[in-house]
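> The numbering of the sequence shown is the UniProt record's numbering, which starts it at 1 and goes up by one. Here it is: the structure, laid out below.
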Amino acid sequence: MIDLNRRGVVLAAGSAITLSAAGLPVMAATPDRKLGYAIVGLGGYGLGIIIPQFKNCQHSKLVALVSGDPVKARRVAAEYGVPERSIYDYKNFDSIKDNPDIDVVYVCLPVSMHAEYTIRAAAAGKHVMCEKPMAVSSAECEAMIAACKKAGKKLMIGYRCHFEPYNLEARRRARAGEIGKLRYFRSEHGFTAGNPNSWRLKKAMSGGGSLMDIGIYALNAARYMTAEEPVSVYAKETTDRNDPRFREVEDMIEFQLEFPSGVIASCMSMYSANQNHILLMGDKGRIDLEPGTRYDGNKLWVGQDRSTPVNPPPGPGATQWSGQLDHLSLCVINNKEPIVPGEEGLRDIRIIEAIYRSAREQKRIALT
1 MIDLNRRGVV LAAGSAITLS AAGLPVMAAT PDRKLGYAIV GLGGYGLGII
51 IPQFKNCQHS KLVALVSGDP VKARRVAAEY GVPERSIYDY KNFDSIKDNP
101 DIDVVYVCLP VSMHAEYTIR AAAAGKHVMC EKPMAVSSAE CEAMIAACKK
151 AGKKLMIGYR CHFEPYNLEA RRRARAGEIG KLRYFRSEHG FTAGNPNSWR
201 LKKAMSGGGS LMDIGIYALN AARYMTAEEP VSVYAKETTD RNDPRFREVE
251 DMIEFQLEFP SGVIASCMSM YSANQNHILL MGDKGRIDLE PGTRYDGNKL
301 WVGQDRSTPV NPPPGPGATQ WSGQLDHLSL CVINNKEPIV PGEEGLRDIR
351 IIEAIYRSAR EQKRIALT
């Protein structure tokens, strides 16, 4: 049996966050000071996606960089106005404790490094944003949560779709009963992996294959769209081990989740095909997002007619990433719990572990 912590799915227990009429997270007014972020890892996501978002933030700013490449770090620092004194490498990372400009550390590293740098950041007295998936195992997730609690610091997982307008609108409409009683959920998430030497295709660094990397979007969406926790999983893996990309990690994994209300979620993750889709079926209609969780270009339909997509109201930030960054800043300022705390990441990893076990043992796994 796999033990799951059953706290609220989207709004964490004890959170003082309320929802606006549009169903968006709302926080209290805050002081003018922007909280300073240190970005750990200047790879494609940290450098290409997160760092450019600070210009869209109201409560967050870039103040420090952590990289193993000093030339790149100096170049990025010059481009974004980060002083050279606030450039760190992985050896002197712990000295961030002496930099009062740093309030939050954002860990944008391979999954195998998430636990180490989250725990070290907390020990240095900093709040933490950690990219998803949270860690390579539930044991590491638990250690990360414990370290941040011991230090009295916030821990939030980078689930950007909780701040993405199309996902928020789909969730609002589903919970408002627009498609009646929810009966079925489906999601396929995948892309065509390229370089066999990518860290994502090395199990020691990634913790797994498509399920950990892209399939987690389908899993997390099943939970936040249904507002339920699954009670069982059943999974099947299909991987061509002769393909050099998949010598260590899985390609396709299909998994089914059963929820207490009777809702069935059928999900697929893959590294050999491009797909990005979320479907909710109720006894009175349907909600489609296709694509559903991309960086841009998401589309939403309600009902059978796909000729006229729904345009959702704006999200809580100018972009999903600025909304995410500012949310943690506001939680720190107001001493509130994030809507996607460490416990949310832990729940996904516990379910992922059960999915892998189900695929390996070819049987249904109960979650309690």
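Here a beta-carbon is modelled for each residue, glycine too, at the ideal position from N, C-alpha and C.
Classify A78 as buried or exposed, calling it buried when 16 or more other Cβ atoms lie within 10 Å of its own Cβ.
Exposed, because fewer than 16 other Cβ atoms sit within 10 Å of the Cβ of A78.
> Taking the alpha carbon of A147 as the point to measure from, which residue in Q58, R306, P70 and T118 has its own alpha carbon closest?
For A147, the nearest C-alpha among the options comes from T118.
> Measuring alpha carbon to alpha carbon, tell me which residue in L300, Y90, Y295 and D32 is nearest T319.
It is Y295 whose Cα lies nearest to the Cα of T319.
> Since G142 and L346 are thought to touch, with beta carbons under 8 Å apart, how far apart are those beta carbons, to the nearest angstrom?
The sequence given here places Glu at residue 142; Gly does not occur at that position. Yes, they are in contact, since the Cβ atoms of E142 and L346 sit about 7 Å apart, within 8 Å.
> Verify whether the separation of the beta carbon atoms of residue 381 and H277 is less than 8 Å.
Nothing can be reported for residue 381, as the shown portion of the chain is limited to 1 through 368.
> Quick one: is V128 buried, meaning 16 or more other Cβ sit within 10 Å of its Cβ, or exposed?
Per the 10 Å Cβ criterion, buried.
> Exposed or buried, P338, counting other C-beta atoms within 10 Å across all chains shown (16 or more means buried)?
Answer is buried; the Cβ neighbour count reaches 16.
> In or out: T239 buried (at least 16 other Cβ within 10 Å) or exposed?
T239 should be labelled buried.
> With respect to the alpha helix (DSSP H) encompassing R173, which residues constitute its N-terminal and C-terminal limits?
Unbroken alpha helix (DSSP H) run through R173: P165 to R175.
> Would the segment 173-188 and the segment 269-286 be scored as touching if the rule is three or more Cβ pairs under 8 Å?
Short answer: they touch.
> Over what stretch of residues does the beta strand (DSSP E) that includes D296 continue unbroken?
Careful: D296 lies outside any beta strand (DSSP E) and carries neither H nor E.
> With a CB to CB cut of under 6 Å and the five nearest residues on each side skipped, what residues in its chain are close to Y90?
The residues are G68.
> Between the alpha carbons of A73 and L42, how many angstroms are there, rounded?
Taking the straight line from one Cα to the other gives about 8 Å.
> V76 bridges to which residues according to DSSP?
DSSP, once it has assigned bridges, lists no residue as partnering V76.
> Compute the beta-carbon to beta-carbon distance between I179 and C108, rounded to the nearest angstrom, for a pair I have assumed lies under 8 Å.
Going by Cβ atoms, the distance from I179 to C108 rounds to 36 Å, so no, they are not a contact pair.
> Kindly identify the DSSP beta-bridge partner or partners of Q256.
DSSP output for Q256 lists Y234 and S266 as bridge partner(s).
> Which first and last residues belong to the alpha helix (DSSP H) in which C141 is found?
Looking at the DSSP string, the run of the alpha helix (DSSP H) that includes C141 is S138 to A151.
> Measuring alpha carbon to alpha carbon, tell me which residue in W199, L280 and P244 is nearest A222.
Checked all of W199, L280 and P244; the closest Cα to A222 is L280.
> Consult DSSP for A354 and reduce its assignment to one of helix, strand or coil.
Helix, per DSSP.
> So what does DSSP say about N242, is it helix, strand or coil?
Note: N242 maps to coil in three-state DSSP.
> Please identify the residue among S198, V263, L289 and L300 whose C-alpha is closest to the C-alpha of G282.
Out of S198, V263, L289 and L300, V263 has the C-alpha closest to the C-alpha of G282.
> Can you have a look at Q53 and say buried or exposed, based on whether 16 or more other CB atoms are within 10 angstroms of its CB?
That one is buried.
> Assign G323 to one of three DSSP states: helix, strand, or coil.
Here G323 sits in helix by DSSP.
> Does the beta-carbon distance from G36 to D101 come in below 8 Å?
Contact flag set, yes.
> So within the segment 28-104, which uninterrupted beta strand (DSSP E) runs reach at least 3 residues, ignoring any that extend past its ends?
Listed in chain order, they are 35-40 and 60-66.
> I'd like to know if the segment 57-67 and the segment 349-364 are in contact, where contact means that at least 3 CB-CB pairs between them fall below 8 Å.
As far as the Cβ criterion goes, the segment 57-67 does not touch the segment 349-364, which means the pair count is below three.
> Would K126 and I96 qualify as a contact pair, given that the criterion is a beta-carbon distance under 8 Å?
Yes. Within cutoff.
> Taking the alpha helix (DSSP H) that E188 belongs to, which residues open and close that run?
Element bounds for E188: not the alpha helix (DSSP H) but the beta strand (DSSP E), L182 to T192.
> Could you check the C-alpha separation between A176 and A193 for me, to the nearest Å?
Using only the alpha carbons, I get a separation of about 38 Å.
> Applying the 10 Å Cβ sphere with the 16-neighbour rule, what's the burial state of S86?
The residue is buried, with at least 16 neighbouring Cβ atoms inside 10 Å.
> Ignore the nearest five residues each way along the sequence and tell me which others in P110's own chain have a CB closer than 6 Å to its CB.
Same-chain partners within the cutoff: W199 and M205.
> Given that a residue counts as buried once 16 or more other Cβ atoms are within 10 Å of its Cβ, and exposed if not, what is A170?
Buried is the call here.
> Using the Cα positions of V76 and K61, report the straight-line distance between them to the nearest angstrom.
Those two C-alpha atoms are separated by around 15 Å.
> For I365 and Q304, I'd like the C-alpha separation in whole angstroms.
For I365 and Q304, the distance between alpha carbons rounds to 34 Å.
> Can you tell me which of the three DSSP states I365 falls into?
I365: strand per DSSP, three-state reduction.
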